[in-house]
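Numbering (UniProt numbering), first residue to last: 1 to 271. Even glycine gets a Cβ: it sits at the ideal position worked out from N, Cα and C. What follows is a short report on a single structure.
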């Protein structure tokens, strides 16, 4: 109608939200409660030792009581809830601490043991490589790979062994070699390798002429050696030979007895 003041339509965007009135003490309490909740959430995310966690909570509660004497009764009603929260946080922290303590650790001794195993494995690999090189370098050797793979210990001191050139008794040479090597307790393969180092001249030529890889053991080597040089073996005399020994005119009795005893060593014995 004319004369009436036109009604303004309210803009929905200008509608104001309902105003909530709150006192200053309530605002302070809400802010402190929000801070307390934030602290609890932070403690749940981090592990705080119980020895420092409990005194800090107690200090926080005492400060709250001092600042809000009028809220003492309300705070006392909320105390069981907060106590449960603190207890839950403490239990969670304690469980996490125990979980950390239960985690298996690696001791220094275990680390050293692994290091020693790796070092030992490396030495074994180097030894296998070295043996492989020895085999490849001695493909024409009369020794089999079984003997070639055996390596003399670097700490082994080579004894003084008599040489054999093929002109003396082969069995005497073998007996002398075994007499010395029995003192060292070497394996059959090592004895075979050491024995051929005593061969010179014709004896060495004989060994190098053997087929490649044909000798498997020390015993087999000695058998072939004594058979080949059997002609060089001293022939034993019969016992009747001793009756032919006479003392010379210019020979003393002492010298005759010594010569006679030496001749008896050349006589074949019968068991």
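*asked:* Tell me the DSSP secondary structure of residue 156 in three-state form.
replied: In the chain shown, counting from the first residue as 1, residue 156 sits at position 156. If DSSP states are grouped into helix, strand and coil, residue 156 belongs with coil.
*Coarse secondary structure for residue 118, derived from DSSP in three states*: On the chain shown, residue 118 is found 118 positions in, with the first residue counted as 1. Residue 118 carries a helical assignment under DSSP once its states are collapsed to helix, strand and coil.
*The alpha helix (DSSP H) spanning residue 185 covers which residue range?*
Within the chain shown, numbered from 1, the residue matching residue 185 stands at position 185. Here residue 185 belongs to no alpha helix (DSSP H), and DSSP marks it neither H nor E.
*Local Cβ density within 10 Å of residue 170, reported as buried at 16 or more and exposed below that*: Translated into the one-based positions of the chain shown, residue 170 becomes position 170. Residue 170 should be labelled buried.
*So what does DSSP say about residue 245, is it helix, strand or coil?*
Here residue 245 is taken as the residue at index 245 of the chain shown, counted from 1. If DSSP states are grouped into helix, strand and coil, residue 245 belongs with coil.
*Indicate whether the contact test is met: 3 or more Cβ pairs, each with one atom in the stretch 141-149 and one in the stretch 211-230, closer than 8 Å.*
As far as the Cβ criterion goes, the stretch 141-149 touches the stretch 211-230, which means the pair count is three or higher.
*Would you decide whether residue 245 is buried or exposed? Buried here means 16 or more other CB atoms lie within 10 Å of its CB.*
Residue mapping note: residue 245 aligns to position 245 of the chain shown, counting from 1. So residue 245 ends up on the exposed side.
*Is it true that the stretch 150-169 meets the stretch 187-197, where meeting means three or more beta-carbon pairs spaced less than 8 Å apart?*
Enough Cβ pairs lie closer than 8 Å, so yes.
_Does residue 151 come out as helix, strand or coil in the three-state DSSP assignment?_
Stepping through the chain shown from its first residue, residue 151 is reached at position 151. Residue state, collapsed to three classes: coil.
_Cβ shell of residue 353 (< 7 Å), same chain only, five flanking positions each side left out_ = Residue 353 lies beyond the residue range present for the chain, which begins at 1 and ends at 271; the question has no answer from this structure.
*Return helix, strand or coil for residue 30, following the three-state DSSP convention.*
As a position in the chain shown, residue 30 is number 30, starting the count at 1. In the displayed model, residue 30 falls within a helix according to three-state DSSP.
*Hey, quick one: how far does the alpha helix (DSSP H) through residue 218 stretch, first residue to last?*
Here residue 218 refers to the residue found at position 218 of the chain shown. 218-228 is the extent of the alpha helix (DSSP H) around residue 218.
*Specify, as a first and last residue, the run of the alpha helix (DSSP H) that residue 264 falls within.*
The sequence position of residue 264 within the chain shown is 264, counting from 1. Segment 253-264, the alpha helix (DSSP H) holding residue 264.
*Hey, would you say residue 200 sits closer than 7 Å to residue 163, going by beta carbons?*
Taking the chain shown and counting its residues from 1, the one referred to as residue 200 is at position 200. Taking the chain shown and counting its residues from 1, the one referred to as residue 163 is at position 163. In this structure, residue 200 places its C-beta atom within 7 Å of the C-beta atom of residue 163.
*Give the secondary structure of residue 162 by DSSP, where H, G and I count as helix, E and B as strand, and everything else as coil.*
As a first step, residue 162 must be located in the chain shown, where it is residue number 162. DSSP places residue 162 in coil when its eight states are reduced to three.
*Exposure label - residue 154; buried when at least 16 CB within 10 Å*: The residue given as residue 154 occupies position 154 in the chain shown. Residue 154 counts as exposed, since fewer than 16 other C-beta atoms from the protein chains shown sit within 10 angstroms of its C-beta.
*asked:* Can you tell me whether residue 111 is helix, strand or coil according to DSSP?
replied: Looking up residue 111 in the chain shown gives position 111. Here residue 111 sits in helix by DSSP.
*residue 210 bridges to which residues according to DSSP?*
Here the question's residue 210 lines up with position 210 in the chain shown. Residue 210 pairs with nothing; no bridge assigned.
*Flag this pair as yes or no: are the beta carbons of residue 173 and residue 206 separated by less than 7 Å?*
Taking the first residue of the chain shown as 1, we reach residue 173 at position 173. Taking the first residue of the chain shown as 1, we reach residue 206 at position 206. It is not a contact, given that the beta carbons lie outside the stated cut-off.
*Which residue's Cα is closest to the Cα of residue 167: 202, 257, 25 and 221?*
If you number the chain shown from 1, residue 167 lands on position 167. Nearest option by C-alpha distance: 202.
*If you run the structure through DSSP and keep just helix, strand and coil, what is residue 267?*
Here residue 267 is taken as the residue at index 267 of the chain shown, counted from 1. Strand at residue 267.
*Report the option in 184, 204, 142 and 175 whose CA atom is closest to the CA atom of residue 165.*
Numbered from 1 along the chain shown, position 165 holds the residue referred to as residue 165. Closest option to residue 165, judged by alpha-carbon separation, among 184, 204, 142 and 175: 204.
*Which word fits residue 25, buried or exposed, when buried means at least 16 other C-beta atoms lie within 10 angstroms of its C-beta?*
Looking up residue 25 in the chain shown gives position 25. So residue 25 ends up on the exposed side.
_Rounded distance between the beta-carbons of residue 161 and residue 177, thought under 8 Å_ = Mapped onto the chain shown, residue 177 falls at position 177. Mapped onto the chain shown, residue 161 falls at position 161. The beta carbons of residue 177 and residue 161 sit about 6 Å from each other, so the pair counts as a contact at 8 Å.
*What's the C-alpha gap between residue 279 and residue 159?*
What the structure shows of the chain is the stretch from 1 to 271, and residue 279 is not part of that stretch, so it cannot be assessed.
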